[in-house]
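Input: a single structure, listed below in structure tokens.
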Amino acid sequence: MSRTVRKESPRTPTPPRSLSRRRTLLLGAAGAFGATAATAGCSRVASGDTLERLRSQGSVRLGIAGEVPYGYVDEQGEFTGEAPELARIVFQRLGVSGVQPVATDFASLIPGLNSQQFDVVSAGMYITRERCAQVVFSDPEYQMLDSFVVRKGNPKGLRSYEDVVRAGASFATGAGYAQIGYAVAAGYPEKDVVILQDQVAGLNAVESGRVDVFAGTALTAREVVRKSTRAEATDAFAAVVDGEKRVDAGGFAFRPTDTALRDAFNTELLRMRESGELFRVLKRFGFTEDEMTTLTAEELCR
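189 is the number that my numbering gives to position 189 of the sequence shown; each next residue is one higher, with no gaps.
Following this line, the structure appears as structure tokens:
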């Protein structure tokens, strides 16, 4: 199936909590995690040595996508979010003291990982069979339902992808988002999907009437509309694909040659999950106990 989509680039003013991707802050903000500029180049080393290389150089490069609450630049110009904060803790325990977030478009995360622009993707990426064919995932740190950003009062009654199709509503989401496939599975024409820069651009497009709905994760939707007077987030719901409800889960992505690094990461992640520390970290970014999960990457990749 082709992925031809219509792109739109609306004006995006600086939003509350600095939700937009502020790439001009990349170099300055990376220091907040103790990274050094000397690690920015691509390394060409044997895959089995990756963790030792990271320990030796003292930092790890994280691919993030500038999405609240997963990984973003805050109002002080510092990188934060559940994925960078979780990565900082885990990699410190693996002997890697510095974390250097590198922001890019969501659709560029896996290509950037496999071309060694960064060492791991820490963007709360959904674990899907298609992505499992390109990267290896850690076990997920959370599970998530979907939600729509719609105009106040939800005048078209849009509460599912099927509703969008029935209403003939104009539909937008982000580049590379799983929500594209969910809309298409419900019968929405892929050529009519509007691809926007991020959730803030989605909010702007809904508020101005350029689109009827912007689709994202439930947590993203409820965060971005928090201070809006013209838009709201729908109740969380599970997308239906081939007659089955989908509950997605997000994890860290590693190059296929870095299974040893992934396994070491998983060991620490499991300890945090069992002790309750994982939830305490994610709770700071709006996650609830209902969004914790015991699923494994192996289960999701099947």
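No residue lacks a Cβ here, since even glycine has one placed at the ideal position from N, Cα and C. A quick note: this is a predicted structure, and the numbers were derived from the prediction, not measured.
Residue pairing by DSSP leaves Y177 without any beta bridge partner. Buried is the label assigned to T217, since at least 16 other Cβ atoms lie within 10 Å of its Cβ.
DSSP, read as helix, strand or coil, puts G112 in helix. DSSP places A87 within a helical segment (H, G or I) once states are collapsed to three.
For D248, the three-state secondary structure derived from DSSP is strand. Spanning the alpha carbons of Y161 and D258 requires a straight line of approximately 37 Å.
Looking at the DSSP output, D146 bridges to T217, F237.
Around the C-beta of G66, 16 or more other C-beta atoms lie within 10 Å, and the residue is accordingly described as buried. DSSP places L158 outside both helix and strand once states are collapsed to three, so it counts as coil. DSSP, reduced to helix, strand and coil, places S56 within a helical segment of the structure shown. Of the candidates V121, S97, G95, P101, the residue whose Cα lies closest to the Cα of A107 is V121. Between F137 and F265 a beta carbon distance of about 10 Å is seen, past the 8 Å cut, so the two are scored as non-contacting. Shortest Cα-Cα distance from R55 to any of Y72, E75, V99, G77 involves V99.
L94 sits in coil when the DSSP states are folded into three classes, being neither helix nor strand. Cβ neighbours of A186 within its own chain (closer than 6 Å, five residues either side excluded): Y161, E162, V165. In the structure shown, the three-state DSSP call for Y188 is coil. Per DSSP, V194 is one residue of the beta strand (DSSP E) stretching across 194-196. For V68, no alpha helix (DSSP H) segment is defined, and its DSSP state is neither H nor E. If you compare the alpha carbons of A167, S208, D212 with that of T173, the shortest gap goes to D212. DSSP, read as helix, strand or coil, puts Q76 in coil. DSSP places G243 in no beta strand (DSSP E); its state is neither H nor E.
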